[in-house]
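Numbering (the working numbering), first residue to last: 917 to 1349.
Notes for the one structure printed next.
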Amino acid sequence: MAQQGVLLDQDQFCCSVCLDLLKEPVVIPCGHSYCRSCIEGCWDQDDLKGVYSCPQCRETFTTRPNLRKNNLLAELVEKLRKTGLLAAPPPALCYAGPGDVACDFCTGTRKQKALMSCLACLASYCETHLQPHYESPAFKKHKLVKATAQLQEKICSHHDKLLEVYCRTDQQCICYLCTMDEHKGHDTVSAAAERTEKQRQLGMSQQKVQQRFQEREKELKELQQAVESLKRSAQSAVEDSDQIFTELIRSIERRSSEVKELIRAQEKAQVSQAEGLLEQLKQEIAELRKRSTELEQLSHTEDHIHFLQIPVISHWTQTQHTQTSLCLKGTESIIDQLVGSVLIDVFSVTWSCMENGPGTKGQFRTSQPTTSWYHLLSTKLYGLVSQAQINPSPVLNSMFNVDVQETGPKCVIFHPPILLSPATLNLSSRWCC
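The structure is reproduced here in structure tokens:
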């Protein structure tokens, strides 16, 4: 190494397996050298095949060769590393990996990653080999693009020239020689001009798509809000119905207990009255039996004078007449009034719950009191409701003219027919007035 100023290429002293400087270099029968650990690792994988090969020249060996240390190369690499004669690769450069475009002008087993491709030269260049295109006037007019492996797609297949003209007639890219041959007389413009027009059309399409996108987003939000509103309304309706039926059940249970107590009280009073009548009837029967015996004896007497001296016979038949009928009609009337009171409480609870809730209020409207009740309950689903109606019976239709007007959302109409006695009618009519 007489000339210390000459730098050596690092690739000459790199292992082709690990792509790094040789470490403990060994030589194999074909003459190539590798790091001991690298070649042993490769051949360990070939043990299953029974055939060993050189990673670089692919020469095969039927038996695993013995590795011999390359002393000369090991000493040379060590001296070069100590003296600094090995040229370090530029820090900005990197080697081409899988999927990268390699430089077409780099030599050796490892090529640098290409940065730009020249459409005039139809080649790709790394940073080092790209410098002439920036520095030499001969390359000033060459068009550089981002490194691509599909350079042939930009070349005319007929004339091997760069595609730089666009034929609007045939809707395809052509070279300048095509304008004089197959596309002569066609409507042609430069690729840059057509790109400008296509870019403008693309911008308009993007605006339409963006506008449509915004409209759809707005519709989506509105629909989501409507769904949330529907869920809230449905939940509110469920809670209101639970409240109504809970109050109804409580009222019915409370009034049921009261009715039972009152009925039992009436039963006790009537039974007590009946027991008194039974005692009176027993006494009257005993008296009648006694008089019947005396009259029987008198009828068989043979003494005419004694028979005639007895008082008038009609006097013997006169006894106290006990009232034996119970006031059952009064009891039935009281029970009817109690049932009517229960129904009134039920309707009062329904009316109160409906008045306190939002939406269309409940209405009770009849031309005659308490014969038919119409409950108008709003479902409060803000227009997203269904309507169900139970029509009155033909008899009630002939008796009453019921006019139910709907306001706001559609409503569900309930028509429970009720049969009440005259006493209940009078009691209910007083409550309605």
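By construction, the Cβ of each residue, glycine as well, lies at the ideal position given by its N, Cα and C atoms.
Small disclaimer: the values here were computed from a predicted structure and weren't measured.
Out of curiosity, what's the CA-to-CA distance linking residue i and residue j?
i, j, result
"A1003", "V943", "In this prediction, A1003 has a pLDDT of 49, which is less than 50 and means its spatial position is unreliable; nothing more can be read from the coordinates."
"A1190", "H1216", "39 Å"
"Q1122", "F1129", "10 Å"
"D936", "L992", "15 Å"
"Q1151", "K1134", "26 Å"
"Q1127", "G1015", "38 Å"
"Q1159", "R1171", "18 Å"
"Q1067", "K1137", "In the sequence on display, residue 1067 carries Leu and not Gln. Roughly 48 Å between the two C-alpha positions."
"E1174", "E1195", "32 Å"
"L1164", "V1154", "15 Å"
"E1212", "K1198", "21 Å"
"G1119", "L1093", "32 Å"
"E1210", "K1176", "51 Å"
"T1044", "S1052", "14 Å"
"D960", "T999", "35 Å"
"R1180", "G1192", "18 Å"
"K1057", "M1096", "23 Å"
"R1132", "E1144", "18 Å"
"R1205", "K1184", "31 Å"
"I1168", "Q1141", "40 Å"
"Q928", "V1125", "57 Å"
"E956", "F977", "14 Å"
"R1148", "R1166", "27 Å"
"E1069", "L1139", "48 Å"
"H1186", "D1219", "It should be noted that the sequence gives Gln, not His, for residue 1186. Roughly 51 Å separates the two Cα atoms."
Tell me whether the beta-carbon of residue i lies closer than 7 Å to the beta-carbon of residue j.
i, j, result
"Y1041", "C1019", "yes"
"S1033", "V1061", "yes"
"D1103", "R1084", "yes"
"R984", "Y968", "no"
"C1089", "K1077", "no"
"C934", "C958", "no"
"R1026", "Y1011", "yes"
"V1017", "A1054", "no"
"C951", "K965", "no"
"C1037", "Q1028", "no"
Can you find the residues in the same chain that come closer than 6 Å, C-beta to C-beta, to residue i, ignoring five residues on each side of it along the sequence?
i, result
"D1059", "With the sequence shown as reference, residue 1059 is identified as Lys, and Asp is not the correct amino acid for it. Excluding sequence neighbours, K1059 sits near L1035."
"P941", "S949, N986, L989 and A990"
"G1273", "The predicted position of G1273 is uncertain, since its pLDDT is 49 and thus under 50; no value can be drawn from it."
"D962", "Y968"
Quick one, which of the options has its alpha-carbon nearest residue i's?
i, options, result
"L1031", "Q1130, K1057, A1065 and Q972", "A1065"
"L1178", "Q1253, V1017 and Q1213", "Q1253"
"E994", "C930, W959 and P981", "C930"
"P945", "C973, L996, P1014 and D963", "C973"
"E1098", "C970, A1108, H1074 and A1109", "H1074"
"R1111", "Q1213, Q1196, Q1140 and E1080", "E1080"
"E975", "S1173, G947 and L1139", "G947"
"I1071", "A1039, G1101 and M1096", "A1039"
"A1108", "E1218, R1148, Q1140 and Y1082", "Y1082"
"S932", "P971, D963 and P1048", "P971"
Quick one: what's got a C-beta closer than 7 Å to residue i's C-beta in the same chain, skipping five residues either side?
i, result
"D1319", "Reliability fails at D1319, whose pLDDT of 44 lies under 50, so the model's placement of it is uncertain and the value that follows must be treated cautiously. If we look at D1319 and ignore the five residues flanking it on each side, it has no Cβ neighbours."
"E1113", "none"
"L1046", "L1031 and M1032"
"N982", "none"
Determine which residues share a DSSP beta bridge with residue i and list them.
i, result
"Q1028", "Y1011"
"R984", "V943"
"A1018", "K1029"
"Q1088", "C1083"
"L937", "C930"
"K1062", "M1032"
"V1154", "Per DSSP, none; premise fails for V1154."
"S969", "T976"
"Y1050", "Note: Y1050 sits in no beta bridge, so no partner."
"A1039", "C1034"
"T1104", "C1083"
"L949", "The question names Leu, yet the displayed sequence has Ser at residue 949. Bridge partners of S949: V943."
Can you name, in chain order, every residue of its own chain whose Cβ lies under 8 Å from the Cβ of residue i, other than the five neighbours on each side?
i, result
"D1086", "H1099 and H1102"
"H1222", "none"
"I1226", "L1214"
Quick check: is any heavy atom of the ligand FMN less than 6 Å from the C-beta of residue i?
i, result
"Y950", "With respect to the ligand FMN, the structure shown offers nothing to examine, as it has no ligands at all."
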